[in-house]
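Enquirer: If you scroll down you'll find the structure; I have some questions about it.
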Amino acid sequence: MNTITVNQNNSCHRKRKPAQLPYYRVQYDIPLGDTPSVRTCLESSGLWELVTGPLREVYYYKVYENQKRKNFCAIGWPNENGGWEIRHPRYTGCIGPKGMTFIAGKPDRLLVFTDLTDYLCWKYDHKNDFPSLLILNHPEFLPAARKRAAQFASVTVGFDRIPQNLFTNGV
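If you want it as structure tokens, here you go:
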């Protein structure tokens, strides 16, 4: 039921409904490509060979104030704080707490990227290279990444907009 009110100019208008406050929840995740249609799509686009361990098919949903639920599926990967970094044509963001993603590899060598998609571009040209990886996921984690990078003998930065010498002083 909409309430009609009259303002100072005696014009009638409907009271606005409050903005919807959706929230997202991860329902479950499976290895990327377990769904035949997703695997076929990845194979036909030449991306199947880039599928790596942290990439998952993430099934999540959004619930509105009126308790209506809408289901989604996207590519995602977990971060260290229990959240999921989601990539979907209509939504890019984090579900749950924000955090970095660390993937263990060679213990003396670290590659740092802003996003997992930047890493995948690098991996396409370096298929047989397995350094440890640190994915920032969000720029506010740069100070924490600098501290973590200090533990490695060799650090390579794969940022496209940030100078590479940020990690050379004191690391």
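Numbering (this note's numbering), first residue to last: -15 to 155.
Even glycine gets a Cβ: it sits at the ideal position worked out from N, Cα and C.
Does the distance from the C-beta atom of D13 to that of G60 stay below 8 Å?
Expert: Closer than 8 Å, so yes.
Enquirer: Cα-Cα, which of K54, P115 and Y8 is closest to F86?
Expert: It is P115 whose Cα lies nearest to the Cα of F86.
Enquirer: Do you know whose CA, among Q51, E69, N50 and L117, lies nearest K90's CA?
Expert: Among Q51, E69, N50 and L117, the Cα nearest to that of K90 belongs to L117.
Enquirer: Between E41 and L16, how many whole angstroms is the CB-CB distance? I'm expecting something under 8 Å.
Expert: That belief holds up - the Cβ atoms of E41 and L16 are roughly 5 Å apart, short of 8 Å.
Enquirer: Output the boundary residues of the beta strand (DSSP E) element that contains L156.
Expert: It is not possible to answer for residue 156, since the shown part of the chain is limited to -15 through 155.
Enquirer: D45: which of R132, H72 and G83 sits nearest, CA to CA?
Expert: In the sequence under discussion, the amino acid at residue 45 is Tyr, which differs from the Asp named in the question. Selected option, being the one with the closest Cα: H72.
Enquirer: For the candidate residues L94, Y7, T98 and L100, whose alpha-carbon lies nearest to that of K52?
Expert: Looking at the Cα atoms, Y7 is the closest of the given residues.
Enquirer: If we ignore side chains and look at the alpha-carbon of each, how far apart do Y108 and N50 end up?
Expert: Cα to Cα, Y108 sits roughly 45 Å from N50.
Enquirer: With distances taken between CB atoms, is the gap from G83 to N65 smaller than 8 Å?
Expert: Yes, they are a contact pair.
Enquirer: Helix, strand or coil for T85 per DSSP?
Expert: Three-state DSSP puts T85 in a strand.
Enquirer: Would you please state the rounded distance, in angstroms, between the beta carbons of S138 and D92? I believe it to be under 8 Å.
Expert: About 6 Å separates the two Cβ atoms, so the contact holds.
Enquirer: Would you give the residue range spanned by the alpha helix (DSSP H) that W32 belongs to?
Expert: First-last for W32: undefined, no H or E at that position.
Enquirer: K52 by DSSP, collapsed to three states: which one?
Expert: Note: K52 maps to coil in three-state DSSP.
Enquirer: Ignore the nearest five residues each way along the sequence and tell me which others in Q11's own chain have a CB closer than 7 Å to its CB.
Expert: Once the five neighbours on either side are set aside, the close Cβ partners of Q11 are Y43, Y44 and Y45.
Enquirer: Exposed or buried, what is A58 when buried is set at 16 or more other beta-carbons lying within 10 Å of its beta-carbon?
Expert: So A58 ends up on the buried side.
Enquirer: In three-state DSSP terms, what is P115?
Expert: If DSSP states are grouped into helix, strand and coil, P115 belongs with the strands.
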